[in-house]
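Reviewing the structure listed below.
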Amino acid sequence: MSKLLAATRILPRRFYGAETTTVARSLIGCVLRHGETSGMIVETEAYLRDGDRASHFWRGITPRTKVIFGPPGHAYVYFVYGMHECFNVVTEPDGVPGAVLIRAIEPLTGLAKMATRRYGSRDGIPSLHALTNGPAKLAEALAITRAHNGCRLDQGALTIRQWRSSEPIEIDITTRIGVSHSEDLPLRYVWKLNPFVSRQAIHRSADPSLF
DNA sequence: CAATAGATCATCT
DNA sequence: GATGATCTATTGC
């Protein structure tokens with residue numbers, strides 16, 4: 001076991017029972033690990049109970065959203081676009097819905113395995129950051145599937161660990177990616193200037209030279 | 001670099 | 001029957 005992983009400790013269940021926005025922000029800098037593969041969380045999005053039409057659960061409990069209404073600290077994994085799976089953590093107390101989508105990680109261990117899962121046995125990967133800079137990309141790289149839906153994150157093969165960073169992490173808050181409702185809510189948390197985020201936290205402008 | 005098309009199916013109306 | 005918390009390849013400037 002590497003020193004890197006030995007220095008981490010699994011987040012307790014109560015960590016996830018807090019407000020969804022707090023959990024989303026606090027997860028930045030933590031380590032998501034599945035077996036030999038792991039990465040540092042650099043980008044998250046909060047999905048809320050109140051006033052958030054972009055969430056999967058704003059209409060209430062369905063077979064798919066059932067786990068989101070359950071106790072915190074469990075995985076919510078959903079399938080979209082006929083081919084992609086994305087990983088969330090369930091937040092808020094039991095009975096209160098809330099979820100945080102993990103949008104990007106910085107690869108830490110098991111790089112070769114991740115590359116094989118993403119690109120097969122062909123040699124050479126496009127780039128390191130392209131390995132895990134998107135919710136469906138990191139799920140594939142870490143082999144997180146719908147089979148993990150509802151599993152606990154404080155025990156078993158799929159865990160999230162705290163990381164003692166020597167320096168405080170600078171976090172940018174932006175609107176969320178790819179949503180077509182509640183687009184203006186500032187619920188995306190990105191590690192400022194980290195090259196492994198899915199998109200820069202830079203605003204778009206008609207004049208790119210302004211940036 | 002930016003914009004767009006196509007892949008492809010579970011979920012809910 | 002429409003839509004989607006996406007990704008990749010391709011086209012266009």
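Note that my numbering gives residue 118 to position 118 of the first sequence, counting from 1, and the numbers run on in steps of one.
Even for Gly, the Cβ is constructed at its ideal location relative to N, Cα and C.
Predicted model only: the values in this text are computed from it and were never measured.
| Query | Result |
| --- | --- |
| Given that a residue counts as buried once 16 or more other Cβ atoms are within 10 Å of its Cβ, and exposed if not, what is residue 23? | buried |
| Under the DSSP definition of a beta bridge, which residues are partnered with residue 107? | 39 |
| Are the segment 39-46 and the segment 64-81 touching, with three or more C-beta to C-beta distances below 8 Å? | no |
| Does the segment 164-171 come close enough to the segment 141-156 to have 3 or more Cβ pairs within less than 8 Å? | no |
| Where residue 91 and residue 136 are concerned, what is the direct C-alpha to C-alpha distance, given to the nearest angstrom? | 20 Å |
| Indicate whether the contact test is met: 3 or more Cβ pairs, each with one atom in the segment 97-115 and one in the segment 42-54, closer than 8 Å. | yes |
| Buried or exposed for residue 26, going by 16 or more other Cβ atoms inside 10 Å? | buried |
| Might you give, ordered along the chain, the residues of its own chain that have their beta carbon closer than 6 Å to the beta carbon of residue 69, omitting 5 neighbours on each side? | 61 and 97 |
| Taking C-alpha atoms, which residue in 129, 95 and 8 lies nearest to residue 196? | 129 |
| The beta strand (DSSP E) with residue 75 in it runs from where to where? | 75-80 |
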